[in-house]
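Numbering (my numbering), first residue to last: 917 to 994. Structure first, commentary second.
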Amino acid sequence: MILYEELGQENARLQALLLEKDKEIKQLEQSRQELEIMYTNLKTARTISLYDKDIKDTKQRLTSLVREIDKCIALLNE
917 MILYEELGQE
927 NARLQALLLE
937 KDKEIKQLEQ
947 SRQELEIMYT
957 NLKTARTISL
967 YDKDIKDTKQ
977 RLTSLVREID
987 KCIALLNE
C-alpha cells in the first residue's frame with residue numbers, strides 16, 4: 917500500500933514535469949518561429965541594403981540563435 921502511494925506521488929511529480937517541459941517546448945518553438953520571420957525579413961532587407969557586411973554579421977548571429985533553439989528543442993524531446 918505504501919509503495920502504491922509512493923508510485924502515485926512519483927507519477928504526479930512526473931506528470932507535472934512533463935507539463936512544464938511541454939510549455940517550455942511550445943515557448944521555444946514560438947521563439948524559433950519568430951526568429952525565422954526575422955530572418956526572412958533580414959534577407960528581404962539585404963536585397964535593398966548598401967551595407968552587406970553588417971547584414972551578413974546579423975544574419976550569422978540569427979542563424980546561430982536558430983540553431984541553438986533547435987538544439988534546445990531536440991534536447992527537450994529526448
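Quick reminder that beta carbons are idealized off the backbone N, C-alpha and C, glycines included.
Under the Cβ criterion (8 Å, minimum of three pairs), the stretch 943–952 does not count as touching the stretch 924–935. Proximity to residue 990 across 944, 926, 927, 917 peaks at 944, based on C-alpha coordinates. Rounded to the nearest angstrom, the gap between the Cα atoms of residue 927 and residue 976 is 43 Å.
Burial check for residue 985: the Cβ neighbour count within 10 Å reaches 16 or more, so the residue is buried.
Contact check for residue 941 and residue 992: beta-carbon distance about 5 Å, within the 8 Å limit, so the pair qualifies.
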